[in-house]
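Participant: If you scroll down you'll find the structure; I have some questions about it.
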Amino acid sequence: MVKVNLELVEIFKEEFGAETVTECFNCGNCTAICPVSTVDHLFPRRLIRYVQLGLEEKLLEAPETWWCLTCRQCTVTCPRQAYPTELMVAIRKDAIESGRAPPHIRDFLTNIQKQKNPWGVGKFKRDQWVKKANVEVPTVKTNQEFEWLWFVDCAHSFDNRNVPVSNMIAEILNHIGINYAILGREEGCCGNDVRRAGEEGLFQLLKEENEKTFGKYGVEKILVASPHCYNTFKNEYDGYEVKLVLEVILDAIKSGKLELKKPIEKKVVYHDSCFLGRYNDIYELPREVLRAIPGIELVEMPRSYQQALCCGGGGGLVVSEYPGEIRVNNERAKEAAETGADILAVACPFCMIMLEDGVKAEKVDDKIEVKDIIELVWESAFG
Ligand code: SF4
Ligand code: SF4
26 MVKVNLELVE IFKEEFGAET VTECFNCGNC TAICPVSTVD HLFPRRLIRY VQLGLEEKLL
86 EAPETWWCLT CRQCTVTCPR QAYPTELMVA IRKDAIESGR APPHIRDFLT NIQKQKNPWG
146 VGKFKRDQWV KKANVEVPTV KTNQEFEWLW FVDCAHSFDN RNVPVSNMIA EILNHIGINY
206 AILGREEGCC GNDVRRAGEE GLFQLLKEEN EKTFGKYGVE KILVASPHCY NTFKNEYDGY
266 EVKLVLEVIL DAIKSGKLEL KKPIEKKVVY HDSCFLGRYN DIYELPREVL RAIPGIELVE
326 MPRSYQQALC CGGGGGLVVS EYPGEIRVNN ERAKEAAETG ADILAVACPF CMIMLEDGVK
386 AEKVDDKIEV KDIIELVWES AFG
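Read in order, the letters of the sequence shown correspond to residues 26 to 408 in the numbering used here.
The structure is reproduced here in structure tokens:
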């Protein structure tokens, strides 16, 4: 008879809302679909089996736990609602509590704890992009009557490739006439990926700090460009109205407040972000915005929508060298280039970082360019 580790099962059920890990009937679909299983031997099924058999020590020491991208491809494929992704997070949580996080995850978490961003750049530099921006960006101090808090996010504040997108967002929001403000240096990290890395305590701390800051400025509505922030603010914080910048853009296109005049005569392929698609069931919004841009021919990769391959940047792995052998981002970049598209469009700053690296590593950067959908909107509206 199978011995079930009830303590782990309880943690798993309570914290991640999974039906029960005991539902797993070992069909192996999760392992077959997992993007890092084929080469790096991350077998979600085997880890579930360890739980069922109560092999806790083996489970906590399995290095594969840290290879998981938290992409949720296994979870949406599982026929028994056994939630393998959520199990990975639960195992990580236990491993972190017993001091077994590997160095690359420890660095990621320390950077966020100390500097409130995954790269560990001084937190006082969070608003430097605003000082260099060529448009006005209101803050909670200069526009105290704001309706929407634009939570800029770590990547859009610190990462060189994503900062120009922040400029464009500001210009677009100003043009549409949204009454918004940013927190500037008082902004922290949302904590989405800290939670996926298994550091629940730090996640709760970040959440508390953010909610305190939101309370100080009377924030009720939050606008975000990152699907990672969207996921956590919408599903894991309480009581805020949360909207994506792409939703605001689409509304403005439909109402005529944002006119997309200049045609972009390019073949474009869209890469579904895990945190928009599999976590929040948002598949059409980015495609609708792309279709609204004149001249664009939208094509699809073989793996798209719910079956889209992850960019490789989830679960705390966006800033570290992947511990295993494969590079999911390279594989995805190759898949995009094989469609013959000129542009690989993304709706997530982490996808931008990972796939830019991917097209360079695959030496297809002379054929296909990675662009944020917001860059394409901006180019058509103001370019
Ligand atoms: S977790 Fe789901 S997909 Fe994976 S082996 Fe179990 S039942 Fe099959
Ligand atoms: S979440 Fe993604 S990377 Fe992690 S086990 Fe499931 S399919 Fe594999």
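Ideal placement from N, C-alpha and C gives every residue a C-beta, glycine not left out.
May I ask you to list the residues that DSSP assigns as paired with alanine 370?
Facilitator: Working through the sequence shown from its first residue, we reach residue 370 at position 345. Tyr295 and Lys396, per the DSSP bridge assignment.
Participant: Within 10 Å of its beta-carbon, does lysine 388 have 16 or more other beta-carbons around it, so buried, or fewer, so exposed?
Facilitator: The sequence position of residue 388 within the sequence shown is 363, counting from 1. Answer is exposed; the Cβ neighbour count stays below 16.
Participant: To the nearest angstrom, how far is it from the Cα of leucine 323 to the Cα of valine 293?
Facilitator: Looking up residue 323 in the sequence shown gives position 298. Looking up residue 293 in the sequence shown gives position 268. About 5 Å.
Participant: Count the C-beta pairs between the region 254-267 and the region 115-134 that are closer than 8 Å, then say yes if the count reaches three, no if not.
Facilitator: Judged by Cβ distances under 8 Å, the region 254-267 makes no contact with the region 115-134, as fewer than three pairs qualify.
Participant: Whose C-alpha, out of Pro319, Tyr330, Leu315 and Met326, is nearest the C-alpha of asparagine 305?
Facilitator: Within the sequence shown, numbered from 1, the residue matching residue 305 stands at position 280. Among Pro319, Tyr330, Leu315 and Met326, the Cα nearest to that of asparagine 305 is on Tyr330.
Participant: Going by the CB atoms, is the gap between methionine 377 and valine 384 shorter than 8 Å?
Facilitator: Taking the sequence shown and counting its residues from 1, the one referred to as residue 384 is at position 359. Taking the sequence shown and counting its residues from 1, the one referred to as residue 377 is at position 352. Against a cut-off of 8 Å, the Cβ pair of methionine 377 and valine 384 comes out as no contact.
Participant: Please report the residue range of the beta strand (DSSP E) in which phenylalanine 176 lies.
Facilitator: Position 151 of the sequence shown, counted from the first residue, corresponds to residue 176. Residues 173-176.
Participant: Evaluate the contact criterion for the region 208-223 versus the region 137-147: three or more CB pairs, one atom per stretch, below 8 Å.
Facilitator: Yes, they touch.
Participant: Decide if glutamine 98 is buried, meaning its Cβ has at least 16 other Cβ atoms within 10 Å, or exposed.
Facilitator: Along the sequence shown, one-based indexing puts residue 98 at 73. Burial call: buried.
Participant: Counting pairs of Cβ atoms below 8 Å between the region 195-204 and the region 159-177, do you hit three or more?
Facilitator: Contact holds: three or more Cβ-Cβ distances are below 8 Å.
Participant: What three-state label does DSSP hand leucine 94 in the structure shown?
Facilitator: Position 69 of the sequence shown, counted from the start, is the residue given in the question as residue 94. The answer is coil: DSSP assigns leucine 94 none of H, G, I, E or B.
Participant: Measure the alpha-carbon distance for threonine 90 versus glutamate 111 and round it to whole angstroms.
Facilitator: As a first step, residue 90 is located in the sequence shown; it is residue number 65 there, counting from the start. As a first step, residue 111 is located in the sequence shown; it is residue number 86 there, counting from the start. Threonine 90 and glutamate 111: Cα-Cα distance of roughly 11 Å.
Participant: Can you grab the Cα-Cα spacing for the pair valine 27 / leucine 174, in whole Å?
Facilitator: Here residue 27 corresponds to residue number 2 of the sequence shown, with the count starting at 1. Here residue 174 corresponds to residue number 149 of the sequence shown, with the count starting at 1. Confidence is the limiting factor: at valine 27 the pLDDT is only 37, short of 50, which leaves the residue's position unreliable, though a coordinate-based value still follows. Each residue's Cα considered, the two are about 51 Å apart.
Participant: Should phenylalanine 375 go down as buried or exposed, given a rule of 16 or more other Cβ atoms within 10 Å for buried?
Facilitator: Here residue 375 corresponds to residue number 350 of the sequence shown, with the count starting at 1. Flag for phenylalanine 375 reads buried.
Participant: I want to check one thing, is the minimum distance from the CB of cysteine 55 to the heavy atoms of ligand 1 below 7 Å?
Facilitator: Taking the sequence shown and counting its residues from 1, one reaches residue 55 at position 30. Result yes, Cβ under 7 Å from ligand 1.
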